[in-house]
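>
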Amino acid sequence: MRLLLVFLAVIVLAEGHVAYIGLPSLCDVCQKLVGFVKEKLGGKVGDARELATGFCEKKAPFLLRGPCKSLVADKMGAIVNLLGEKADVKGICTKIKLCKN
């Protein structure tokens, strides 16, 4: 439980300092992740989790790899459903509450 609280505190602190140190926000990472998965899938949603995990490991900024992997673990089902509904990238990240309207 303490580890989870520490992890969440780090995410909150990192999010507040993202612009200062030049890292993308979680909204930006979400949009890049969803855009990458959408482009690579080409309509096949079966490999979405594997593609997203690969994105987090190879393309996400080092400090945001953990949050990116948590995003995949927690929200990939919703992302896949929204991709199936042909929602746009920004709309998907807004619906899963990582981007503002």
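Positions -16 to -1, 1 to 85 (mature numbering (1 follows the signal peptide of the UniProt record, and there is no 0)) are the ones given, in order, by the sequence shown. Glycine included, C-beta positions come from ideal geometry on N, C-alpha and C.
1. Tell me whether PRO51 sits in a helix, a strand or coil according to DSSP, three-state version.
2. Reducing DSSP to helix, strand and coil, say where ASN65 ends up.
3. Closer than 8 Å by C-beta to LEU25: which residues in its own chain qualify, once you throw out the five before and the five after it? Chain order, please.
4. Reducing DSSP to helix, strand and coil, say where ILE76 ends up.
5. Using beta-carbon positions only, say whether GLU14 and LEU55 come within less than 8 Å of one another.
6. May I have a chain-ordered list of the alpha helix (DSSP H) segments no shorter than 4 residues that lie completely inside the segment 12 to 46?
7. How is LYS59 classed by DSSP in three states: helix, strand or coil?
8. Mind reading off the beta-carbon distance from CYS52 to ALA62? Whole number of angstroms is fine, and I expect it under 8 Å.
9. Using a threshold of 8 Å, state whether the C-beta atoms of VAL18 and CYS77 are closer than that.
Based on what the coordinates show:
1. Judged by DSSP in its simplified three-state form, PRO51 adopts helix.
2. ASN65 falls in the helix class under three-state DSSP.
3. Taken in chain order, the residues that qualify are ASP31, ALA32, LEU35, LEU67.
4. Three-state result, ILE76: helix.
5. Going by the sequence as given, residue 14 is Cys instead of Glu. In this structure, LEU55 lies closer than 8 Å to CYS14 by Cβ.
6. Segments of the alpha helix (DSSP H) lying fully in the segment 12 to 46: 32 to 42.
7. Residue state, collapsed to three classes: helix.
8. About 15 Å; that fails the 8 Å criterion.
9. Cβ atoms of VAL18 and CYS77: closer than 8 Å.
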